[in-house]
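Structure first, commentary second.
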Amino acid sequence: MTKIIIIDDEKHCTNVLQNLIEKTHSDYTITGIFNNPLQGLEFIKKNPPDLLFLDIEMPNLNGFTLLDNLLPIDFDIIFTTAYDQYAIKAFRYSAINYLLKPITEKNIVKAFSNWEKRRNKTSEKQWQLFHNQLHNPKKECSQIALPTGVGYKIVEIKNIVRCQSDSNYTNIFCKDGNKILISRTLKEIEELLTDHGFFRVHQSHLINPQFVNGILKQDGGSLIMNDDIEIPVSRQKSKQINEILKMMIRFK
53 MTKIIIIDDE KHCTNVLQNL IEKTHSDYTI TGIFNNPLQG LEFIKKNPPD LLFLDIEMPN
113 LNGFTLLDNL LPIDFDIIFT TAYDQYAIKA FRYSAINYLL KPITEKNIVK AFSNWEKRRN
173 KTSEKQWQLF HNQLHNPKKE CSQIALPTGV GYKIVEIKNI VRCQSDSNYT NIFCKDGNKI
233 LISRTLKEIE ELLTDHGFFR VHQSHLINPQ FVNGILKQDG GSLIMNDDIE IPVSRQKSKQ
293 INEILKMMIR FK
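Sequential numbering from 53 applies to the sequence shown in this note's numbering.
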């Protein structure tokens, strides 16, 4: 039996979550709903859930402080929050689950689906990555947590050579020769890595210009990576070859 607890200071929000969970996952059991985070904290100490839906901004006790009072945490969390660009950025780089308010049926179904695929508790390294990014929001994140089939692997972004689509998954190729298959689409990874200079050269390929060794312009164009792999450049991107060249010069 999967046990769920909901904590949010707004009663409307807990009502919405309760109704959506009961509608979409009636086989799960909601063991506690709290609008007072202090009461929720005391309940969790005696009745730990499998999954906690936790609001971030609450009076008296915010979500992060509540969790600090529960360490070590032996359950998983899906944060619920209104839009905050810095918090969302921290969530995404650390691969910690979150839902944006207002919460819809579609979003909660997706959140449960992502959680059910792994059922892995958030690691200490993920929490550290999250806190570092959250408290230094203007500092460029140097690491990213990659969700694999058995957990999460944290890698240095500068060591990622290229990313290749594999249906709803993505293969991440690293400088040390390791290949990591993650349960994220290439589009999702692109959204996180574009700010780090990564370039989508093809429907199936995202590359780090730092590791481009050469460019072949015939037949639409292709790139030679430093691992000697030739990456095709789509016709839509072929006109941007010069931009890739400039990136190569920038990163060399």
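No residue lacks a Cβ here, since even glycine has one placed at the ideal position from N, Cα and C. Just so it is clear, the structure is predicted and the values come from calculations on it, not from any experiment.
query, result
"CA nearest to the CA of Pro189, picked from Asp60, His254, Tyr138", "Tyr138"
"Burial state of Ala197 (16 or more Cβ within 10 Å)", "buried"
"Beta bridge counterpart(s) of Gln288 as assigned by DSSP", "Gln288 is not bridged to any residue."
"Cutoff 8 angstroms; reference Asp79; Cβ partners in own chain excluding five residues on either side", "Thr54"
"Per DSSP, cross-strand counterpart(s) of Phe250", "According to DSSP, which records beta bridges pairwise, Phe250 is partnered with nothing at all."
"Rounded Cβ spacing between Asp128 and Trp167 (contact assumed at less than 8 angstroms)", "7 angstroms"
"Classification of Ile140 by the beta-carbon crowding that lies within 10 angstroms, buried from 16 upward", "exposed"
"7 angstroms Cβ shell around Val68 - same chain, five flanking residues per side excluded", "Ile155"
"Whole-number beta carbon distance between Phe225 and Val213, since they are thought to touch under 8 angstroms", "5 angstroms"
"Continuous alpha helix (DSSP H) assignments of at least 4 residues falling wholly in the segment 150-206", "157-170, 176-187"
"Exposure of Gly229, with buried meaning 16 or more beta-carbon neighbours within 10 Å", "exposed"
"Proximity winner among Glu74, Leu238, Asp60, relative to Glu109 (alpha-carbon distances)", "Asp60"
"Three-state class that DSSP yields for Lys269 in the structure shown", "coil"
"Local conformation of Leu103 per DSSP, three classes", "strand"
"Supposed contact pair Asp126 and Gly115 - C-beta distance, whole angstroms, cut 8 angstroms", "Contact doesn't hold; Cβ gap of about 17 angstroms is too wide."
"8 angstroms CB neighbourhood of Thr81 in its chain, flanking five on each side removed", "Met53, Thr54, Lys55, Ile56"
"Proximity winner among Glu62, Ile281, Asn88, Ile85, relative to Lys153 (alpha-carbon distances)", "Glu62"
"As assigned by DSSP and simplified to three states, the class of His257", "strand"
"Sequence-distant residues of the same chain with beta carbon closer than 6 angstroms to Pro284, five excluded per side", "His254, Ser274"
"Nearest residue (CA-CA) to Gly92, options His77, Leu122, Glu243", "Leu122"
"Residue from Asn99, Leu72, His257, Ile130 whose Cα sits closest to the Cα of Tyr221", "His257"
"Where Arg236 falls: helix, strand or coil (DSSP)", "coil"
"Leu275 in three-state terms, based on DSSP", "strand"
"Spatial distance of Asn223 from Gln195 (CA atoms)", "17 angstroms"
"From Lys205, Asn87, Tyr150, residue whose alpha carbon lies closest to that of Leu233", "Lys205"
"Buried or exposed (CB count within 10 angstroms, at least 16 for buried), Tyr22", "Because residue 22 is not part of the residues shown, which for the chain are 53 to 304, the question remains open."
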